[in-house]
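There are 2 protein chains.
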Amino acid sequence: MDTATDTLDKMAETFKLLGDRTRLAILGLLREKELCVCNIVDILHMSQPSISQHLRKMKAGGLVHERRQGKWTYYSLKVEDKPYIQQIVMEIPSQASKLKELDGPSLSTVSCD
Amino acid sequence: MDTATDTLDKMAETFKLLGDRTRLAILGLLREKELCVCNIVDILHMSQPSISQHLRKMKAGGLVHERRQGKWTYYSLKVEDKPYIQQIVMEIPSQASKLKELDGPSLSTVSCD
DNA sequence: TGATCATATAATGATATGCTAATATAAAGA
DNA sequence: TCTTTATATTAGCATATCATTATATGATCA
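Heads up: the protein sequence lines correspond to chains C and Z, in order.
With this note's numbering applied, the first sequence corresponds to residues 179 to 291, in that order.
With this note's numbering applied, the second sequence corresponds to residues 179 to 291, in that order.
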């Protein structure tokens with residue numbers, strides 16, 4: 179296996195991470211702001227283990243950064259050092275509307291498309 | 179499902195296509211020039227059905243264009259209309275060295291990394 | 001210390017993916 | 001027409017992936 183082969187495999191692994199609707203949605207959310215696991219669970223209406231596993235994979239793949247604070251684990255994008263990945267994350271349709279309730283008064287205003 | 183959801187799914191499908199080592203290699207080859215199936219089979223040392231199936235998927239996903247001429251089917255990139263995909267294809271490590279034998283005198287010079 | 005909250009991990013099952021082997025199609029030439 | 005060449009398609013199998021269920025860890029607080 180030469181260097182180009184290694185790079186090809188690494189690229190493929192990264193795109194596998196991006197080839198999932200839920201993970202793209204998470205990246206779209208993290209583009210707006212750092213979030214804890216429970217925020218993402220609430221917003222995407224998915225189970226906690228499922229979100230946790232997606233985040234673990236993306237962390238292993240170097241796409242997100244983890245920060246622990248008390249009971250919470252906060253995740254944020256880690257794409258500054260990866261120009262073409264950053265480009266891709268910018269292309270994800272905005273998830274900003276789903277973040278509204280985090281700033282607003284009530285969870286009852288969550289949009290459920 | 180809203181429009182953003184559709185787009186998210188489409189993006190995920192595209193990245194699934196890119197999340198395979200063989201398909202990335204094929205795209206890297208097609209970046210250099212249009213190729214027929216048998217060329218790709220020879221260069222990548224993979225079975226004809228496997229390559230054919232990968233090409234079919236990429237054609238379905240709109241990444242490549244098919245042109246039939248006589249016994250041969252030629253494939254080429256179809257990414258001009260997709261800026262961020264085009265960007266990605268440019269990032270694929272060069273496969274140009276593997277194309278040498280197509281211009282050179284003998285197949286015995288094929289590089290097999 | 002015991003209870004609760006936030007998150008992680010493990011086990012399981014269903015579906016998806018990629019390769020191979022075998023066969024089908026279709027064009028070109030003898 | 002028969003054969004060869006190039007490609008496509010199908011079926012089968014092994015592995016990978018994703019969601020769920022159940023359980024574990026670890027921090028906070030009464």
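Quick reminder that beta carbons are idealized off the backbone N, C-alpha and C, glycines included.
Listing by chain order, which chain C residues have their CB less than 7 Å from the CB of residue i?
i         : result
LYS194(Z) : GLY197
LEU202(Z) : LEU186, MET189 and ALA190
Quick check on residue i: buried or exposed, where buried means 16 or more other Cβ atoms within 10 Å of its Cβ?
i         : result
GLY197(C) : buried
ARG245(Z) : exposed
GLN247(Z) : exposed
LYS276(C) : buried
Excluding the 5 residues preceding and the 5 following residue i in the sequence, name in chain order all residues of the same chain whose CB lies nearer than 8 Å to its CB.
i         : result
VAL215(Z) : GLN226, ILE229, SER230, LEU233, TRP250, THR251 and TYR253
GLU366(Z) : Limits of chain Z in this structure are 179 at one end and 291 at the other, which puts residue 366(Z) out of reach.
LEU202(C) : LEU196 and ILE270
LEU208(Z) : VAL242, TYR253, SER254 and LEU255
VAL267(Z) : LEU205, GLY206, ARG209, LEU255 and VAL257
VAL219(Z) : SER225, GLN226 and ILE229
Cβ closer than 7 Å: which chain Z residues qualify as neighbours of residue i?
i         : result
TYR262(C) : GLN265, ILE266 and GLU269
ALA274(C) : Near ALA274(C) there are no residues of chain Z at all, since even the closest Cβ is about 10 Å away, more than 7 Å.
If you drop the 5 nearest sequence neighbours on each side, which residues of the same chain put their C-beta closer than 7 Å to that of residue i?
i         : result
LYS237(C) : GLU244
Let me check one thing: in DSSP terms, what residues is residue i bridge-paired to?
i         : result
SER254(C) : HIS243(C)
Can you list the residues of chain C that residue i reaches, using a CB-CB cut of under 9 Å?
i         : result
THR251(Z) : Within 9 Å Cβ-Cβ: nothing; THR251(Z) doesn't reach chain C, min ~24 Å.
For residue i, which residues in the same chain have their Cβ closer than 6 Å to its Cβ, ignoring the five residues on either side in sequence?
i         : result
THR200(C) : HIS232
ALA274(Z) : GLU210
ILE221(Z) : LYS276
I want to verify the contact list: residues of chain Z whose CB lies under 9 Å from the CB of residue i, in sequence order.
i         : result
MET236(C) : Those within 9 Å of MET236(C) in chain Z number zero; the least Cβ separation is about 13 Å.
Run down chain C in chain order and give the residues with a C-beta less than 8 Å from the C-beta of residue i.
i         : result
ASP187(Z) : ARG199
### Message
Quick check on the DSSP output: what are the complete alpha helix (DSSP H) runs of length 4 or more inside the region 184-230 of chain Z, in order along the chain?
### Response
199-210 and 215-222
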